[in-house]
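Peer 1: In the numbering used here, the protein residues as written are 239 to 348.
From the three backbone atoms N, C-alpha and C, an ideal C-beta is built for every residue, glycine too.
I'd like to ask some things about the structure below.
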Amino acid sequence: MQTVVHIDNLAPAITPEGAERRVLAFGGQLMAIEFRFEAGIKAPMHKHPHEQIGYVVEGELDFLMEGQDPIRLKKGDSYYVPPETLHGVVIHSKTTLLDCFTPLREDFLQ
239 MQTVVHIDNL APAITPEGAE RRVLAFGGQL MAIEFRFEAG IKAPMHKHPH EQIGYVVEGE
299 LDFLMEGQDP IRLKKGDSYY VPPETLHGVV IHSKTTLLDC FTPLREDFLQ
C-alpha cells in the first residue's frame with residue numbers, strides 16, 4: 239500500500255511502446271497510474287481483467303476500443319474501459335494520462 243506518493247521521488251518504468259509509467263497511490267483494490275507519452279506513440283490493442291477509468295491531463299490522442307470508431311480525446315476528457323475489452327491509443331501530441339484500475343494491476347508493481 240502507498241497512501242502518499244511524491245512524484246519527484248518516482249523513477250518511471252518504460253513501457254514497450256516507449257511511454258513512461260509511474261505507479262502513484264494504491265491500496266486495497268484501487269490504484270492510480272500516470273502515463274506520459276511523446277507524440278507518435280501507439281499503444282497496441284490489448285485487454286486485461288481490470289476496470290479502468292482514465293483522465294487526459296494534457297495532450298491529444300485517439301482512443302480505440304473494440305466495437306467503436308476511434309474517438310479523439312484532449313485535455314479534460316475521460317474514458318472508461320470495462321474488463322476484458324480490447325483498447326489502445328494513438329498519441330498525437332505530448333500527452334499525460336491518469337489511469338485508475340481496480341483491482342490492482344499487480345504486473346505494474348513488479
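1) Suppose the cutoff is 6 Å on Cβ atoms and the five residues either side in sequence are ignored; what does the same chain contact list for F339 look like?
2) Please name the residue in D337, R259, L324 and I245 whose C-alpha comes closest to that of P282.
3) If I measure Cβ to Cβ from D246 and keep anything under 8 Å in the same chain, skipping five residues before and after, which residues do I get?
4) Would you decide whether D307 is buried or exposed? Buried here means 16 or more other CB atoms lie within 10 Å of its CB.
5) Checking 8 Å against the spacing of the C-beta atoms, do H284 and G314 come in under that value?
6) For T334, tell me which candidate among R260, V294, L302 and G265 has the shortest Cα-Cα distance.
7) Does I252 come out as helix, strand or coil in the three-state DSSP assignment?
8) Checking 8 Å against the spacing of the C-beta atoms, do E298 and H330 come in under that value?
9) Are the beta-carbon atoms belonging to V261 and F346 less than 8 Å from one another?
10) Measuring alpha carbon to alpha carbon, tell me which residue in F301, P320, G305 and A251 is nearest I271.
Peer 2: For this structure:
1) Residue mapping note: residue 339 aligns to position 101 of the sequence shown, counting from 1. Answer for F339: M269, H288 and Q290, listed in chain order.
2) Position 44 of the sequence shown, counted from the first residue, corresponds to residue 282. Answer by Cα proximity: L324.
3) Here residue 246 is taken as the residue at index 8 of the sequence shown, counted from 1. By the criterion of a C-beta distance shorter than 8 Å, D246 is surrounded by no residue of its chain, once the five residues flanking it on both sides are discounted.
4) In the sequence shown, the residue the question calls residue 307 occupies position 69. The residue is exposed, with fewer than 16 neighbouring Cβ atoms inside 10 Å.
5) The count along the sequence shown starts at 1 and reaches residue 284 at position 46. The count along the sequence shown starts at 1 and reaches residue 314 at position 76. Cβ atoms of H284 and G314: not closer than 8 Å.
6) As a working mapping, residue 334 is identified with position 96 in the sequence shown. Looking at the Cα atoms, V294 is the closest of the given residues.
7) Counting from 1 along the sequence shown, the entry for residue 252 is found at position 14. Note: I252 maps to strand in three-state DSSP.
8) As a position in the sequence shown, residue 298 is number 60, starting the count at 1. As a position in the sequence shown, residue 330 is number 92, starting the count at 1. Against a cut-off of 8 Å, the Cβ pair of H330 and E298 comes out as a contact.
9) As a working mapping, residue 261 is identified with position 23 in the sequence shown. As a working mapping, residue 346 is identified with position 108 in the sequence shown. Contact flag set, yes.
10) Start at 1 with the first residue of the sequence shown, and residue 271 comes out as number 33. For I271, the nearest C-alpha among the options comes from A251.
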